[in-house]
Structures are given as structure tokens and as C-alpha cells.
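*Asks:* Okay, here's the structure, questions in a sec.
2 protein chains.
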Amino acid sequence: MGFMQSYAIIGTGAVGGYYGACLQKAGFPVHFLLRSDYDRVKEKGLIVESIYGDFTLPRVNAYRDPSQMPQCDVIIVALKSTQNHLLPQLLKPLVGENSIIILLQNGLNFEREIAKIFPQSFIMGGLCFICANKITAGHIRHLDYQEIVLAEYALNYQSCGITGRMEAIAKDFQKANVKIALKADLLQSRWEKLVWNIPYNSLSVILNATTQAIMGDRHSRQLVEAIMQEVAIGARSCQREISASFIVKMLSHTENMKPYLTSMKLDYNFKRPLEIEGILGNALEMAREKATELPKISMLYQQLKFLDTQNRK
Amino acid sequence: MGFMQSYAIIGTGAVGGYYGACLQKAGFPVHFLLRSDYDRVKEKGLIVESIYGDFTLPRVNAYRDPSQMPQCDVIIVALKSTQNHLLPQLLKPLVGENSIIILLQNGLNFEREIAKIFPQSFIMGGLCFICANKITAGHIRHLDYQEIVLAEYALNYQSCGITGRMEAIAKDFQKANVKIALKADLLQSRWEKLVWNIPYNSLSVILNATTQAIMGDRHSRQLVEAIMQEVAIGARSCQREISASFIVKMLSHTENMKPYLTSMKLDYNFKRPLEIEGILGNALEMAREKATELPKISMLYQQLKFLDTQNRK
Numbered sequence: 000m001g002f003m004q005s006y007a008i009i010g011t012g013a014v015g016g017y018y019g020a021c022l023q024k025a026g027f028p029v030h031f032l033l034r035s036d037y038d039r040v041k042e043k044g045l046i047v048e049s050i051y052g053d054f055t056l057p058r059v060n061a062y063r064d065p066s067q068m069p070q071c072d073v074i075i076v077a078l079k080s081t082q083n084h085l086l087p088q089l090l091k092p093l094v095g096e097n098s099i100i101i102l103l104q105n106g107l108n109f110e111r112e113i114a115k116i117f118p119q120s121f122i123m124g125g126l127c128f129i130c131a132n133k134i135t136a137g138h139i140r141h142l143d144y145q146e147i148v149l150a151e152y153a154l155n156y157q158s159c160g161i162t163g164r165m166e167a168i169a170k171d172f173q174k175a176n177v178k179i180a181l182k183a184d185l186l187q188s189r190w191e192k193l194v195w196n197i198p199y200n201s202l203s204v205i206l207n208a209t210t211q212a213i214m215g216d217r218h219s220r221q222l223v224e225a226i227m228q229e230v231a232i233g234a235r236s237c238q239r240e241i242s243a244s245f246i247v248k249m250l251s252h253t254e255n256m257k258p259y260l261t262s263m264k265l266d267y268n269f270k271r272p273l274e275i276e277g278i279l280g281n282a283l284e285m286a287r288e289k290a291t292e293l294p295k296i297s298m299l300y301q302q303l304k305f306l307d308t309q310n311r312k
Numbered sequence: 000m001g002f003m004q005s006y007a008i009i010g011t012g013a014v015g016g017y018y019g020a021c022l023q024k025a026g027f028p029v030h031f032l033l034r035s036d037y038d039r040v041k042e043k044g045l046i047v048e049s050i051y052g053d054f055t056l057p058r059v060n061a062y063r064d065p066s067q068m069p070q071c072d073v074i075i076v077a078l079k080s081t082q083n084h085l086l087p088q089l090l091k092p093l094v095g096e097n098s099i100i101i102l103l104q105n106g107l108n109f110e111r112e113i114a115k116i117f118p119q120s121f122i123m124g125g126l127c128f129i130c131a132n133k134i135t136a137g138h139i140r141h142l143d144y145q146e147i148v149l150a151e152y153a154l155n156y157q158s159c160g161i162t163g164r165m166e167a168i169a170k171d172f173q174k175a176n177v178k179i180a181l182k183a184d185l186l187q188s189r190w191e192k193l194v195w196n197i198p199y200n201s202l203s204v205i206l207n208a209t210t211q212a213i214m215g216d217r218h219s220r221q222l223v224e225a226i227m228q229e230v231a232i233g234a235r236s237c238q239r240e241i242s243a244s245f246i247v248k249m250l251s252h253t254e255n256m257k258p259y260l261t262s263m264k265l266d267y268n269f270k271r272p273l274e275i276e277g278i279l280g281n282a283l284e285m286a287r288e289k290a291t292e293l294p295k296i297s298m299l300y301q302q303l304k305f306l307d308t309q310n311r312k
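Chains as they are written, first to last, in numbering that gives the first Met the number 0: chain A, 0 to 312; chain B, 0 to 312.
Here you go:
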């Protein structure tokens, strides 16, 4: 075996825990940063129940302080984006020359922010299509899907093609039996994901509803479609095109899904902060930079801000 | 005493019961149409607890079938607008030559619909600024305010000035100690009322909140203001002007109100149908006739339609 890239996992929840465990199982050196789950994971390791086969890692490299961690080749950020204000401090000790930072997060524009803080690093965005929950500390249940869409960030989200760095990471993930797709244009992929995330995350909270209930009512279904079209207007303001057929595909895909509580609705139910800024606020801001108003998304944003505040009072 | 106009009250809830009782107390012949409360009111009459003094009417002219009622000079419709599909049938036996029909209801465009069905009648719109509840059958509690703003309908909502008919009705209400203001332009008054009704009724249901909570949060307060501005755009499409200072007045008036559950929120809590069409749908339609889209109000409409359906499943 030749040179193996080392990985740091920042935020060992369902997403970070699952992908980190897959990488370690495949033989890669992985270092996990934890907070509340540290003691348990240090002692017992990680348990993964997965539709692709259960496995246990009795020993993992667990840390609660990033300054104790080694510098790693690849730093995977799997925190909720509501904690991104902590990243400058958390990442500083980990980032070396030529580090790769992958944001496995929902939402727009975080790569640009991180690139400003770590201009010497390579920044990528990873979009996860995975259904996984953390049952208890160090115990992850992986229910469905697992694909990652990966793309690299270049200044102001210029499309930068498929880099060798991306290919090296894709190889690692493939060794770990994780499906990965490489994309040339990160911003295109981010806006595409928002086509789903903005309407369903927002409406599931505002209307207190599953995706199935939303799609089963004529009015809310029309509203979803209208919001998707507004996301496409936002994308267009950034010179990215969302086709009408992509929207049709998202609608019919969701109609055929099992009833699903979105991640924002789960956060709401558990009275955790909602990813409003990443998913809606930053999209509004990027469009506004291009003098484009998105009135429906702007209203969803304000409704969610109100509900989030009330919910955590 | 000279000639006294006779009154029919269609829908003896809090609003119809209160104004009808005031008119009867002042000596006018009043005929009340009831449904579920008929037996009780036939037997016991009406009880009004009011900040302006309590009174009881032990005997009232109560009906459960409009064909038993005499033709009246003035027919006051005080049903919720969600029942307006019943009006052609309910009003037919009551309407004579030169009848006056007053819609004491929320929402836009109902006068036009009624005028089409009863082209020989004079149609007026009455906007009630009253805080009253029906506690039980025939028992009304009047908590605050009672003013009526009255204006007459002319074809396609042309402004038609202050008519002699309006003045005669104003005199009757003044005799009954009800404050009444006459307006030349019904459509102007209807749009003005929507400036308050659309944002607060809608958001109180969608956000599950009092007017106070809505005004106490920066984001929802901004949203209210943005919606009010959209109502003004709708009004403008109908050649009616809502001034910026009117909007400022509505906002500060609401900020200084006691915490208040809107009528739509009360309907929602009691699982009654919501007045979505009258308050939002008809405004959207009138604007659309003038090729004007109101994206925020359109989204509120779709959200409310979903919530109303789920609520009464």
C-alpha cells in the first residue's frame, strides 16, 4: 500500500461519524473531533448499523481539543452550519500547507467564507445524499443512500473542473465503499441542492408537515414548485442554470419518497437552531449581490427566523 | 315617530347579534335568521353584555327559514364569508324592490358577486371594527370598539359618493348608539381593511402567534410591513392609493394593541373554515385581473389553504 491520505472529522454526528467510520474501516488514518460524545466514543469506539452491513470500530482516534490533533491531509467539516462561527478556531491547529478542507454541509457560500480565512488551503464542498441518524453517542444508524457529490471551490465560485485532488479523494471514498460523484462546478451543485432544500426544509417547519403531506395537497405542491422556480431565478443571477426538467424530477422524486421529516424539521422538533442562514439567508444574499430579489424565499426566511426564535425561547 | 326601516339579520353570531340587538333596542323592527341557535333564542331572546352597558331582549323575531321572514328594507348579512355560497338561496325570499343589502363581512369582491345575483337591489359593504364574541347561543359579549364603516357598491366598484340611502342607515345606527362612518369609495375602504387583515390574520395562523408576538420579533415585523406594501400594490392595481403613512399607522396601532388573536386564528383554533378566499384569494384575483402578481400574498394563500385542509381533516 502506498501513501494514504489522513483524515480529520470535525463534528462526529451521523454524517461525520458515518463517513469517518467507513474511511477508517478501509484502513485510512482518521481522527475524530467530538464534544459531548467524547468520553463514550473514546471508551467504546463507534458503532455503525447500516443497510450496507453493520460494523463496529472498538478504537478510534478521538479528541475533544483540536490542538491535540495531528495535521491531516483532508479535513472534513461535518458540523451543522449553525456552528460555523466556531470553524476559524477549530480548524486553525489542523490546517497545514496544502490541506484540503471539505465542507460536508448544507447551504450556500460557506466555502467562500472558509477560503477567506484559510487562503493557503484547498476548499471543497461535499453535498451528502444520505439518510442517517445518531441514535446515541457513537452509535449511528444509516438508513438509506450515502452518495456524496464533491466539487472544488475557486475564487468567487468560478467553475474549476475536476482536479487531481478531487480524484484522489474520490479514490479513497470508493475504497471505503462510499459512492462519490465529482462535479466541475461547485456553485451549480450547491444551487441544485437548494432546489430541494429550500422548499421542503422550510415548509416542513412552517406547515408542520412531512414531504408526503406537502406533496399530497394541491396548494402546497404548487407552492413548492413556485419556490423551486424562485431558486432557479437565484441560480440564474449567479449565472447558473436550473432546467425546468430538473425541477420536474425533484418534484416527482419527492412524491415517490417515503414520508420524510426534513433535517430542518428534526432540528426544530429537538429545539436545535435551524440552518436558516446557510440554506436561505445566504441564497438571498448571493442573489441580492446581483440585484435579484426572491420574494417568496425572503418570506420563508422571515417566517423561519420567527419560528426558530420562538421555538428556543 | 315617522317611518322606520325594517332590518333582517342574516347570521346571528357575535356581529349580527350585537348590531341587530342594538337596532331592536332602539325600536326598529328586526328579524333574525338563525340556525343552530334558533331554539334557544326563540325561547330566551338575546343577552348582550357590553362595555357600553348590558341589556337583554327577552323576545326577538327569530326564524330558521328565510321564507318565513317578511321582506325587509335593509338586509344585513353577518355570516362568515365562508358561507357566502348559501346567500343566493338565503336572500332570495327576503329581497324585494329597492331592498338594501349590507355585507357586514371581511374580504373583497363579495359585493360584486351579490350585485350580479340581485341586480335590482342596492348593495353596501360594512366594515366592522368591533371586538365581540358569542359565548353561547343568544349570549353575546361585546368587549371593545363597535364602529362600522359603510359605503355603497356601484358597478365594478366605481366610487359612488355618499348616497341618501347610506345617510338613512347611518341615522338608524346612530339612534341605536352605534358609531358609523360613511365613505364615498367602498373599494378604497375594503383595500384599506386588507392592509391589516391580510398580514395579521394570515401570520397569526401560519406562525401560531398573537399580534403582539408578531410585532415583537424583528423578522416577522418586517414581514408584516412587506406584506402591507404588497397589499398597497394590489390596491394600486385597482386605482386605489394606500399611503405610506397609513401603513405606519396600522403598524403602530397594532403594536399598541393588547395581545390579540385574530378572527382567522380563532376560526383555526375552533377548526372552522378560514376566510381565505374573501381576505386573500379575492384580493389576488382582483390584482390578477389587472395583470398584477402579489407573490407574498399568493404564498400566504397557499400556506393557509394547506393548513385549513389539514386542520379540518
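No residue lacks a Cβ here, since even glycine has one placed at the ideal position from N, Cα and C.
#1: Tell me where the alpha helix (DSSP H) around Ala114 (chain A) begins and ends.
#2: I'd like the list of long-range same chain contacts for Met0 (chain A), defined as Cβ closer than 7 Å, with 5 residues on each side in sequence excluded.
#3: Could you please give me the residues that DSSP links to Cys159 (chain B) through a beta bridge?
#4: If you pair each beta-carbon of the segment 142 to 156 of chain A with each one of the segment 107 to 123 of chain A, do three or more pairs fall below 8 Å?
#5: Please name the residue, chosen from A:Phe128, A:Phe109, A:Gln301, that lies closest to Gly15 (chain A) on a Cα-to-Cα basis.
#6: Please classify Ala61 (chain A) as buried or exposed, where buried requires at least 16 neighbouring CB atoms within 10 angstroms.
#7: Among the candidates A:Ser188, A:Thr135, A:Ile8, whose CA atom is the shortest distance from the CA of Lys43 (chain A)?
#8: Cα-Cα, which of A:Lys248, A:Arg220, A:Glu191, A:Ala243 is closest to Ser203 (chain A)?
#9: Could you tell me the alpha carbon to alpha carbon distance between Pro87 (chain B) and Glu288 (chain A), rounded to whole angstroms?
#10: Could you work out which residues of chain A lie near Pro294 (chain B), taking near to mean beta carbons separated by less than 7 Å?
#11: Consider the Cβ of Leu206 (chain B): report whether some Cβ of chain A lies at a distance smaller than 8 Å.
#12: Compile a chain-ordered list of the residues in the segment 60 to 84 of chain B whose CB is closer than 7 Å to at least one CB of chain A.
#13: Could you name the residues of chain A that Thr253 (chain B) contacts, counting a contact when the two beta carbons are closer than 7 Å?
#14: For Ser49 (chain B), name the three-state secondary structure that DSSP assigns.
#15: Mark Gln301 (chain A) as exposed unless 16 or more other C-beta atoms lie within 10 angstroms of its C-beta, in which case mark it buried.
#16: Would you say Tyr267 (chain A) touches the ligand NAD, meaning its beta carbon is less than 7 Å from a heavy atom?
#17: Just checking my contact of Leu93 (chain A) with Gln70 (chain A) at CB under 8 Å: how many whole Å lie between their CB atoms?
#18: Does chain A have any CB closer than 8 Å to the CB of Ser219 (chain B)?
#19: From Lys332 (chain A) to Leu126 (chain A), what distance separates their C-alpha atoms?
#20: Give the DSSP bridge partners of Ile8 (chain B), in chain order.
#21: Which whole-angstrom value is the C-beta distance of Pro65 (chain A) and Leu107 (chain A), which I expect to be below 8 Å?
#22: Listing by chain order, which chain B residues have their CB less than 7 Å from the CB of Met298 (chain A)?
#23: Answer yes if the segment 228 to 242 of chain A comes into contact with the segment 178 to 192 of chain A, meaning at least three C-beta pairs across the two stretches below 8 Å, and no otherwise.
#24: Check whether the Cβ atoms of Leu283 (chain B) and Leu273 (chain B) sit closer than 8 Å, and answer yes or no.
#25: Could you say if the segment 17 to 26 of chain B and the segment 235 to 253 of chain A meet the contact criterion of at least three C-beta pairs nearer than 8 Å?
#26: Go ahead and label Asp379 (chain A) buried or exposed: buried means 16 or more other beta carbons lie within 10 angstroms of its beta carbon, across all protein chains shown.
#27: Taking its Cβ as the centre, do 16 or more other Cβ atoms sit within 10 Å of Phe269 (chain A), making it buried, or is it exposed?
#28: Whole angstroms are fine: how far does the CA of Leu265 (chain B) sit from the CA of Asn83 (chain B)?
#29: Name the chain A residues whose beta carbon is nearer than 7 Å to that of Leu306 (chain B)?
#30: Can you give me, in chain order, the residues of the segment 235 to 248 of chain A that have a beta carbon less than 8 Å from any beta carbon in chain B?
#31: Just to check my reading of the structure: Gly277 (chain B) and Phe109 (chain B) have Cβ atoms closer than 8 Å, yes? What is that Cβ distance to the nearest angstrom?
#32: From B:Cys130, B:Asn196, B:Leu89, pick the residue whose C-alpha is nearest to that of Ile116 (chain B); which is it?
#33: When DSSP labels each residue in this structure, what does Glu146 (chain B) get in the three-state scheme?
#34: Classify Lys91 (chain A) as helix, strand or coil using the three-state DSSP reduction.
#35: Bridge partners for Asn60 (chain B) per DSSP, in chain order?
#36: Looking at the structure shown, is Phe172 (chain B) part of a helix, part of a strand, or coil, going by DSSP?
*Replies:* The short version:
#1: 109 to 116
#2: Residue placement at Met0 (chain A) is poorly supported in this model, since its pLDDT is 47, which falls under 50; the coordinates are not used for a value here.
#3: Looking at the DSSP assignment, Cys159 (chain B) forms no beta bridge with any residue, so it has no partner.
#4: yes
#5: A:Phe128
#6: buried
#7: A:Thr135
#8: A:Arg220
#9: 54 Å
#10: Pro294, Lys295
#11: yes
#12: none
#13: Within 7 Å Cβ-Cβ: nothing; Thr253 (chain B) doesn't reach chain A, min ~15 Å.
#14: strand
#15: buried
#16: In the structure shown, the ligand NAD is absent, as is every other ligand, since no ligand is present at all.
#17: 6 Å
#18: yes
#19: Within the shown structure, residues of chain A are numbered from 0 to 312, placing residue 332 (chain A) beyond reach of any answer.
#20: B:Phe31, B:Ile75
#21: Pro65 (chain A) to Leu107 (chain A), Cβ: 25 Å. No contact.
#22: Leu222, Lys295, Met298
#23: yes
#24: no
#25: no
#26: There is simply no residue 379 (chain A) to check, as chain A begins at 0 and stops at 312 in what is shown.
#27: exposed
#28: 19 Å
#29: Leu206
#30: none
#31: 6 Å
#32: B:Leu89
#33: strand
#34: coil
#35: B:His30
#36: helix
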